[in-house]
Structure formats: structure tokens, C-alpha cells
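Encoded as C-alpha cells, the structure appears first; notes follow it.
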Amino acid sequence: AQTVTQSQPEMSVQEAETVTLSCTYDTSESDYYLFWYKQPPSRQMILVIRQEAYKQQNATENRFSVNFQKAAKSFSLKISDSQLGDAAMYFCAYSRDFGNEKLTFGTGTRLTIIP
Amino acid sequence: DAGVIQSPRHEVTEMGQEVTLRCKPISGHDYLFWYRQTMMRGLELLIYFNNNVPIDDSGMPEDRFSAKMPNASFSTLKIQPSEPRDSAVYFCASSLPRGQGLHNEQFFGPGTRLTVL
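So the sequence lines, in the order shown, correspond to chains A and B. One rule links them: number in the working numbering = place in the first sequence (from 1) + 126. One rule links them: number in the working numbering = place in the second sequence (from 1) + 132.
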């Protein structure tokens, strides 16, 4: 079974600084997708960024980028120029490409932004 | 598009009562997922449908839980009888058909916070 591990229950960063959230996963599949979701206090799950395993290039969405290391099964999220609105729980998630499209989530990292 | 719609947003009930949660997926999406979020177990899949057919219900806790999708625009998750340990936030999510755009990207509803006293 696939597992997703987030080893940092909590992180904090000064406003305007850069922070990296860690995620590792375990799978025997070669084709899959990885995601970072943000959950603010409103509890809405918001997709931040996605990465297809077959793509070597790391995904980027404005201030958010990932470091995808397929061999190491590592998928970290970097947030640049942190803003107060970035404060939230961040969940790493895995999905197979074929056969079962469910998301397997990590336990989350609570990110605090220090003004 | 209005996004995934869930109702009610909050539900408080007493142990032993029947609870029904509702979900309307995004139009054109043919995958629908029900997730549960608790402090102890995090986010976990309960069941998902493709073209209104249940594909994986291995996450459904026990016979007290049942889910249906009578048509492409509506799904229910029912708990009967409810117990205090069912207290959680229940999310519905939907995604596009395979072969269409960002197939594996799931769009979440706002969730239903269920409290069973």
C-alpha cells in the first residue's frame, strides 16, 4: 500500500522569508501524481501544486515550487516570499495514475507565518 | 462553476440518530470521492464512485455507513445509527473523466462538520 509521510508537524517562518515543507512517500508504481493541498482555518481543501511522476521538471506555481526526487521518493514544497495568508495546514498527497484514483494523504504540517 | 457543493455545513445530532450528508459534484466530473478527516486518523478515503458506480468502498468503517450516487449530480453518505466516534469533517471531492485534462486533480467541497453527542 502507498504511504505518505510528513515528518514536520509544525513549521514557522518569518513573513517574506522562504520555507520548505518535507514529504516522502512509498510506492511500487512508476506512474503517479503528487500534490500539495492547503487547508486554512476555513477547512477548505485548496490545491496548491501538482507533479506528474513522469515529468522530470519540477512544478512551479508563482511563489510555490516543488523539489521532486523520484529515486529518493521525496516531494518537498518551497514557499518563497511567505505571506500571512500562507498560514495553514499543508497536506502532501499521492495518487496512482491508473487503477485507483484515490488520494492518500500525509498527516499534515501546520505552517505559521510570523509577522 | 459553483464548485463542489455539500450540505449541511454543520450537523449536530444525538447518538443513535440517522445522519445524511449530501454532495453535488462539479458538472462534467464523473469521479466522486468521500473523505473523512479526524484528528486521530487524518484524511482518509471512505468510498469513491466512477460514473455513479462504487469502485472502492474499502474505507467505509462498517455497516452503519452507506453511500449512494443515484445520478451524476448527486451523492449521499448515510450513517445509521450514528455514534460519537463518527464525529469528524466529511469532505466530498470530484474530478474529471480519465483522458480529460487534469484527470487526477480532485476538487473538494467545503466539508460537513458532524458532531454526534
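Yeah, the Cβ is synthetic: ideal placement off N, Cα and C, and Gly gets one too. Given the structure is predicted, the values throughout are model-derived calculations rather than measurements.
- The C-beta of L229 of chain A has 16 or more other C-beta atoms within 10 Å across all chains shown, which makes the residue buried.
- No Cβ of chain A is located within less than 8 Å of the beta carbon of Y222 of chain B.
- Taking 7 Å as the cut-off between beta carbons, the residues of the region 229 to 240 of chain B near chain A are N236, E237, Q238, F240, in sequence order.
- For the options B:F223, B:G160, B:L249, the alpha carbon positioned closest to that of R141 of chain B is the one of B:F223.
- For M215 of chain A, the nearest beta carbon of chain B is not closer than 8 Å to its own beta carbon.
- Shown here, L175 of chain B sits in a strand according to DSSP, grouped into three states.
- Contact of F165 of chain B with chain A by beta-carbon distance below 7 Å involves K228.
- In this structure, DSSP gives D218 of chain B a helical state, which the three-state scheme calls helix.
- According to DSSP, residue pairing for S227 of chain B in a beta bridge involves B:Y163.
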